[in-house]
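Under my numbering, the first residue of the sequence shown is numbered 29, with each subsequent residue one higher. In this text, a Cβ means the ideal position worked out from N, Cα and C, and glycines have one as well. Only one structure is covered here, and it is reproduced in the block below.
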Amino acid sequence: MGNNKKTFVSLKKNTEFRKIYNAGSSAADRFLVIYKLKSIGGEPRIGFSISKKFGKAVKRNRTKRILREICRLNLDRFEKGFNYIIIVRMAAQNCDYKALEKSVFRILEKLKN
Numbered sequence: 029m030g031n032n033k034k035t036f037v038s039l040k041k042n043t044e045f046r047k048i049y050n051a052g053s054s055a056a057d058r059f060l061v062i063y064k065l066k067s068i069g070g071e072p073r074i075g076f077s078i079s080k081k082f083g084k085a086v087k088r089n090r091t092k093r094i095l096r097e098i099c100r101l102n103l104d105r106f107e108k109g110f111n112y113i114i115i116v117r118m119a120a121q122n123c124d125y126k127a128l129e130k131s132v133f134r135i136l137e138k139l140k141n
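Below, the structure is given as structure tokens:
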């Protein structure tokens, strides 16, 4: 078993989330909204937000695990020196891995401009 597991630092604190919501720029599509804000550190930090209206805990956690994996495997697509928040919209309830991955990539491209 190799030890090549890339990871990213998660945003957890409410104050960090509020700061990014208030001062960050955002882009969205049908499934996700991504906020982005310049940070002091080097590696990108990513937080996830998913409403309780989305479904029961099992469904919310599964969607979050999928998004975490997408971010982990494609960390190079996230600009260094930025913090990100990924918000899951209700339309994403029946999305699979590929659809969410495509959505993340599309929004990150929008945010680069």
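My output table needs one value for residue i: the three-state DSSP class, helix, strand or coil.
i	result
M29	Bear in mind that the predicted position of M29 carries a pLDDT of just 46, short of 50, making it too unreliable to give a figure here.
K28	With the chain covering only 29 through 141, there is no way to say anything about residue 28.
F110	strand
S131	helix
F59	coil
K84	coil
L39	coil
I115	strand
Straight-line CA distance for residue i to residue j?
i	j	result
K126	V116	15 Å
L65	N89	25 Å
I78	V37	18 Å
K140	I113	15 Å
T43	D124	31 Å
T35	F133	18 Å
Q121	E107	27 Å
S67	L136	17 Å
Which residue comes first and which comes last in the beta strand (DSSP E) that contains residue i?
i	result
A51	First-last for A51: 42-51, but that is the alpha helix (DSSP H), not the beta strand (DSSP E).
R73	73-78
Grab the span of the alpha helix (DSSP H) containing residue i for me, first residue to last.
i	result
R105	That residue, R105, is in no alpha helix (DSSP H); it is neither H nor E in DSSP.
### Message
Between the stretch 47-57 and the stretch 80-95, can you find at least three pairs of beta-carbon atoms closer than 8 Å?
### Response
Because the criterion of three Cβ pairs below 8 Å is not met, the stretch 80-95 and the stretch 47-57 do not touch.
### Query
Are the stretch 40-52 and the stretch 80-89 touching by the rule of at least three beta carbon pairs closer than 8 Å?
No, they do not touch.
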